[in-house]
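Worksheet: one structure, shown below.
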Amino acid sequence: THSYLAAMEAARDLNAYIVETPEKALEMAAASDARIASGEARPLEGVPLGIKDLFCTEGVHAQAASHILDGFKPVYESTVTANLWADGAVMLGKLNMDEFAMGSSNETSYYGPVVNPWRAEGSNAPMVPGGSSGGSATAVAARLCAGATGTDTGGSIRQPAAFTATVGIKPTYGRCSRWGIIAFASSLDQAGPLARTVRDSAIMLRSMASVDERDTTSVDLPVPDYEKAVGGSVKGLRIGVPKEYRIDGMPPEVEALWEQGKAWLKEAGAEIIDICLPHTQYALPAYYIVAPAEASSNLARYDGVRYGLRVPGDDIAAMYENSRAAGFGKEVKRRVMIGTYVLSAGYYDAYYLRAQKVRALIKRDFETVFEAGVDAILTPATPSAAFGVASKTTASPIEMYLNDIFTVTVNMAGLPGIAVPAGLDAKGLPLALQLIGRPFDEEMLFRTGQVIE
Ligand code: GLN
27 THSYLAAMEA ARDLNAYIVE TPEKALEMAA ASDARIASGE ARPLEGVPLG
77 IKDLFCTEGV HAQAASHILD GFKPVYESTV TANLWADGAV MLGKLNMDEF
127 AMGSSNETSY YGPVVNPWRA EGSNAPMVPG GSSGGSATAV AARLCAGATG
177 TDTGGSIRQP AAFTATVGIK PTYGRCSRWG IIAFASSLDQ AGPLARTVRD
227 SAIMLRSMAS VDERDTTSVD LPVPDYEKAV GGSVKGLRIG VPKEYRIDGM
277 PPEVEALWEQ GKAWLKEAGA EIIDICLPHT QYALPAYYIV APAEASSNLA
327 RYDGVRYGLR VPGDDIAAMY ENSRAAGFGK EVKRRVMIGT YVLSAGYYDA
377 YYLRAQKVRA LIKRDFETVF EAGVDAILTP ATPSAAFGVA SKTTASPIEM
427 YLNDIFTVTV NMAGLPGIAV PAGLDAKGLP LALQLIGRPF DEEMLFRTGQ
477 VIE
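Residue numbering for the sequence shown follows UniProt numbering, starting at 27 and increasing by one per position.
Structural data, given as structure tokens:
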């Protein structure tokens, strides 16, 4: 814990942490020392972790990297973090992220962009770590924590993991409780770990996952000992490769890496089969209707009355308006406006309802291939490696949204997906492959993921 705290101080220029909690960390670490000394060590005893700012931790600022939650200190603990502490983990602080988890580069944070510790060869230009769990990814990659929590609504664990050569898993919807995690799009949000290795992420997920009566979408299934799945044989497994993920303009090195991933799995005894997921091309547009719709509803509670920032006005309506105008950043406002529009009378059927129907078709696509005996699906995790800080912020938001092209399908279908570092691009920046599994078959992802790692 001491050495992580020192590393955090030395690497403040990466802007990974919004809040550091050294006193809490040392107190928890001392308690862990005592446990270890008395032979009562729990599974994560003394392991120092960083927590994404979207998680509520009792008495510590939780601001979702937004100005509107200025000074908000929750009086309760999220279920996921409570589970981690109950297993002996140590809290180092709160990690930077895109505001309310909306973004793919960590540049929408009120607290400024996070910098990726990786650089393109021969350049010192700062690169983004991806988003929205960009602080988590940078902190793990730069050794500013042993592991971190993230959340993934459309790719926010897997894409930053891919950009920083870390391992990120989005579990099946319902595997981790969402209680105490600030909501973005409730039917898509899931918590998961970012860690250095497949094994570390298996160990962390086991502690994070649980059924919880305070989240009725959490599922009452036993949590397996995921670590046991790591190193398991992949002989005879059927790995599906969907042709729809071979998109126009895909860089040749991403294509080559995908081929390499197939070869590794084949060598290890798996069978590679071509599959069809015909509604893939509609996933991104449908996601950018469903996610903003739910966000506009979830974010209605930030009105200057109950939490954080309040900007006075002549009457209460003016106070609401002033607080929301000053408190939300540009991307959040864009999502709230899109969401309100697609849910409004006259547009609901044309946009929101239609997007929900498309979502059902995407889910069916996956069910069909899994029913036909496919054990896991292999795709690239992102269409490119990390890009430069500020290089896309002035571009159209659509260009930013395209980062999620390979990851959003998984959230729309509620499935588990893992991003595993697999190689480097021509400039020496990390690239990752994604494995997608059947509902609640995270073990398959740890088994197959370790072959790629
Ligand atoms: N980049 C996507 C978005 O901006 C996904 C974010 C996430 O998974 N939280 O909505």
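For every residue, glycine included, the Cβ atom is placed at its ideal position computed from N, Cα and C.
About 4 Å separates the Cβ atoms of VAL436 and GLY443, confirming a contact at the 8 Å cut-off. Straight-line spacing of the CA atoms in ASP113 and ALA168 works out to 24 Å. Look at the beta carbons and you see the stretch 282-291 not touching the stretch 348-363: under three pairs across the two are nearer than 8 Å. In terms of Cα proximity to THR198, the closest of PHE126, THR107, SER236 is SER236. For GLN476, the three-state secondary structure derived from DSSP is helix. Annotation for LEU214: no beta strand (DSSP E) segment contains it, and DSSP assigns it neither H nor E. At least one heavy atom of ligand 1 lies less than 7 Å from the C-beta of GLY180. In this model, GLU293 and SER259 are separated by some 12 Å (Cα to Cα).
Taking every protein chain shown into account, the CB of HIS305 has 16 or more other CB atoms within 10 angstroms, so this residue is buried.
The beta carbon of GLY161 sits no closer than 7 Å to any heavy atom of ligand 1.
Taken from the Cβ of THR177, at least one heavy atom of ligand 1 lies inside 7 Å. Taken in chain order, the unbroken stretches of alpha helix (DSSP H) that lie wholly in the stretch 82-143 and span 4 residues or more are 105-112.
Under the 8 Å Cβ criterion, the stretch 455-470 counts as touching the stretch 387-405, having at least three qualifying pairs. Classified as exposed, ILE342 has fewer than 16 neighbouring CB atoms from the shown chains inside 10 Å of its CB.
Distances taken from the Cβ of SER323 to the heavy atoms of ligand 1 include none shorter than 7 Å. In the structure shown, ALA209 falls within a coil segment according to DSSP collapsed to helix, strand and coil. A contact between stretches requires three or more CB pairs, one per stretch, nearer than 8 Å, and the stretch 321-331 meets this requirement with the stretch 209-216. In this structure, ILE77 is the residue among HIS28, ILE77, LYS50, GLU53 with its C-alpha nearest to the C-alpha of ALA42. Here LYS120 is buried: its Cβ has 16 or more other Cβ atoms, across all protein chains shown, within 10 Å. About 20 Å separates the beta carbons of CYS202 and VAL116, which is beyond the 8 Å limit, so they are not a contact pair.
Within its own chain, the residues whose Cβ lies closer than 7 Å to the Cβ of GLY200, once the five positions on either side in sequence are excluded, are THR243, SER244, VAL245, listed in chain order. For ALA452, same chain residues with a beta-carbon under 7 Å away, outside a window of 5 residues either side, are GLU279 in chain order. For ARG336, the three-state secondary structure derived from DSSP is coil. With a threshold of 7 Å, the Cβ atom of ASP79 does not count as near ligand 1, since no heavy atom of the ligand is closer than that. DSSP, read as helix, strand or coil, puts ASP401 in coil. Straight through space, the alpha carbons of MET34 and ALA172 are spaced by roughly 12 Å. CA-CA distance, ALA319 to SER29, rounds to 43 Å. For TYR377 against VAL368, the beta-carbon gap comes to about 4 Å, under 8 Å, which counts as contact. SER104 and MET123 do not touch by the CB rule: their CB atoms are close to 14 Å apart, not below 8 Å.
The DSSP assignment places 264-268, 297-301 as complete runs of the beta strand (DSSP E) inside the stretch 256-320, in order along the chain (cut-off: 3 residues). Spatial neighbours of PHE396 in its own chain (CB-CB distance under 8 Å, excluding positions within 5 residues in sequence) are listed in chain order as ARG464. THR27 is positioned such that its CB atom lies closer than 8 Å to that of ALA51.
Note on geometry: alpha-carbon atoms of THR47 and VAL477 lie some 37 Å from one another.
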